[in-house]
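Single-structure report; data block below.
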Amino acid sequence: MEPMDGLVGEAGDDGAPARASRVRAVVAELLDLDELVGEILIRIRPGEPACLVRASLVCKRWHRFLSDPNFRRRYRAFHKMQIQMALDYADVLLETAEAGQGLPDRSIAEPGKCRGAYGSARAHRAAVEYELDTHDNADLFVNLQLHKKRSKIVEIVAAKDIIFVLAQSGLATAFNRATNKRIAFLNLSSNEVIRTLFYNKNNNSFITVSVCRSDDFNTLKCRTTPIEYIRRNQLDAGFPIFESENLMWPGFVEFDDVNGKALTYSANDGIYKVFDLKTYSFLYSIQARNVQDIKIRAHSHVQLKILSIEDGKPLTSLMVSLKRNKRIDFIEKFNEKLLVKQQDENLRIIDLRSCDQIEVDATKFITPSRFVFLNESNIFLSFRSETVSAWNLRGELVTSFEDHLLWDHDSSLNNIYITSNEGVLISYCKSEDVAPIGSINMSQVRTGKCITKFAANDPTLSVVPRTNSCTTQSSVLSTVQEVPVDVTALFYNEDMNEIYTGNSKGLVHVWSNRS
């Protein structure tokens, strides 16, 4: 191959046409390399499945690449996304094109208008494959009255093939998805009530935060156990963390998965401490000894100090002006921006480096009940009442999610999952009918388009014959129509390509794609 040097000439050069011809020849030679073509195609974003189809129609060689199972595996691994929505969607469109009907128009490819093609192709694969019961034989373990009663599932977390489930009663259970059997209860004693679960990807361990009856459930205790030991039911291999901290109420602990840090607050001495999540070593502290209570009061300004997450050193400080006698709805930092919203006032987005400010009219941006910041995409999701919208940091509405009406008025995040590549939002939703019907909806984050849904009234949904997680049969069995109606927690396992939903009876259902 000839070197690229000298291929581009000055404007008006008589040799320009010849050089342009040489450029085309070099490009053609590069595109003839299978490895290079594969690297190009693998970078097509999964959020737009129709792009895969259009690429496959360029030529037979590209079609061969995209149809190759090895490419499909590499594609999912590259985007860290095991969900097959894009590839399944591409299959449907490819079948249409190969049947001689040509590539469907883009408007037809929109999920809301192609329910007959894509929706039905996906629906017959959706099946409730398994039912896990957190209370199956639980009476053999628990003595605490709170644990004995069936209660709703409030949190589901998965670490590869292990499913961790937390009931509102504080009973936490680990299931092995490979065997579909319970591994263990995570409560070390019947007096322990677990409040929250956290999968620590920094060292592949699992953290439980709990309280105990012995101190009237007032003090938080944190414990970590390597995943491999949980898999072998060796919970005694775990050990307590943050023991030096007095986390009596109103003390707290928070985990920052993005930065790999944990923040604790001891109300007794008024000190915030930051720990490394990989080693659990102490990094630095922030003194707040004279602070008796934390309230945001609307004076004419509020002074903010921004610290480094790594060492706690001050990075900058600024004075943010406020409107008097207007309640502060929120002050949130997202990357290099500060979002400030007061009651009935415009949303202000302040650049922390230049102090430039953008305002969004209060009639366009109404204070949400929940935020979710997407760091890689540099946008944030706003949850208000039953609706979802996406905004960028220029104060522009990216999209409002269509056909994605959330079931919960309080926009509970327990029923919401965002894939690791920030491409797909999976939620427990309801139809806009007079008598709402529960469904699991999947939508593209960037476009707001609904990709597919599993609704309770869908006759194509099925229940795969199953056995229970223990030798005895569960006393509670669900029909496929009942499962989408009662969902209190939701999680998508990207490694297993499965959706887990929990309900008010302490049951977890495993949804999978069956071809």
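Each residue of the sequence shown is one higher than the one before, counting from 1 in the UniProt record's numbering.
Yeah, the Cβ is synthetic: ideal placement off N, Cα and C, and Gly gets one too.
Straight-line Cα distance separating residue j from residue i
| i | j | result |
| --- | --- | --- |
| K364 | S443 | 22 Å |
| I499 | I451 | 15 Å |
| K449 | C59 | 29 Å |
| S300 | F383 | 29 Å |
| I183 | N176 | 6 Å |
| M496 | I426 | 16 Å |
| W511 | T501 | 8 Å |
| L381 | T316 | 27 Å |
| S354 | M319 | 13 Å |
| R466 | R327 | Because the pLDDT of R466 is 49, which lies under 50, any placement of that residue in the model is unreliable, and the number read from its coordinates should be weighed accordingly. Roughly 54 Å separates the two Cα atoms. |
| L338 | T264 | 23 Å |
| N484 | K181 | It should be noted that the sequence gives Pro, not Asn, for residue 484. Going by the C-alpha atoms only, they are around 23 Å apart. |
| L171 | V154 | 11 Å |
| W391 | D215 | 45 Å |
| L352 | S210 | 38 Å |
| I241 | L66 | 48 Å |
| S431 | D276 | 44 Å |
| V258 | I418 | 14 Å |
| G438 | L406 | 9 Å |
| K505 | L304 | 46 Å |
| residue 534 | V340 | The requested residue 534 does not occur in the structure, where the chain is confined to residues 1 to 515. |
| N246 | T219 | 8 Å |
| S385 | P250 | 28 Å |
| K313 | F334 | 18 Å |
CB contact flag (residue i, residue j, <7 Å)
| i | j | result |
| --- | --- | --- |
| N203 | K273 | no |
| I44 | L36 | no |
| Y75 | I40 | no |
| I306 | S285 | no |
| T224 | S244 | no |
| I350 | Q342 | no |
| N375 | V360 | no |
| T134 | A178 | no |
| V165 | V508 | yes |
| T447 | T387 | no |
Residue closest to residue i, alpha-carbon to alpha-carbon, out of the options
| i | options | result |
| --- | --- | --- |
| E228 | K221, T219 and G238 | G238 |
| S190 | S169, A174 and L304 | S169 |
| A267 | R195, M248, N259 and L188 | M248 |
| I440 | K149, E396, R348 and L490 | L490 |
| F454 | P240, A55, V128 and R72 | V128 |
| L348 | P314, E396, S377 and S389 | One point to set straight first is that residue 348 is Arg, not Leu, in the sequence displayed. Cα-wise, what sits closest to R348 is E396. |
| E260 | Y199, K323 and P240 | Per the sequence shown, the amino acid found at residue 260 is Gly instead of Glu. For the residues Y199, K323 and P240, the minimum Cα distance to G260 belongs to Y199. |
| N493 | Q287, I309, L413 and V157 | V157 |
| S308 | L393, E336 and G38 | E336 |
| K201 | K160, R231 and E192 | K160 |
| N457 | T447, P436, N503 and R446 | P436 |
| N325 | D344, E332, D311 and K313 | D344 |
Counterpart residues of residue i in DSSP-defined beta bridges
| i | result |
| --- | --- |
| N176 | I162 and K181 |
| I350 | L338 and Q357 |
| F491 | Y500 |
| C450 | S443 |
| A456 | According to DSSP, A456 bridges with nothing at all. |
| residue 549 | This structure cannot speak to residue 549, because the chain is shown only from 1 to 515. |
| G438 | K430 |
| F252 | Y265 |
Discussion item. For a minimum of 3 consecutive residues, which ranges assigned as the beta strand (DSSP E) are wholly contained in the segment 189-241?
Written reply: 192-200, 205-212, 221-226 and 239-241
Mind listing, in chain order, the continuous alpha helix (DSSP H) runs of no fewer than 4 residues lying wholly within the segment 266-336? none
Beta strand (DSSP E) runs contained entirely in the UniProt domain "F-box" (34-73), provided each spans 3 or more residues
Every candidate beta strand (DSSP E) stretch fails here, since none sits fully inside the UniProt domain "F-box" (34-73) while reaching 3 residues.
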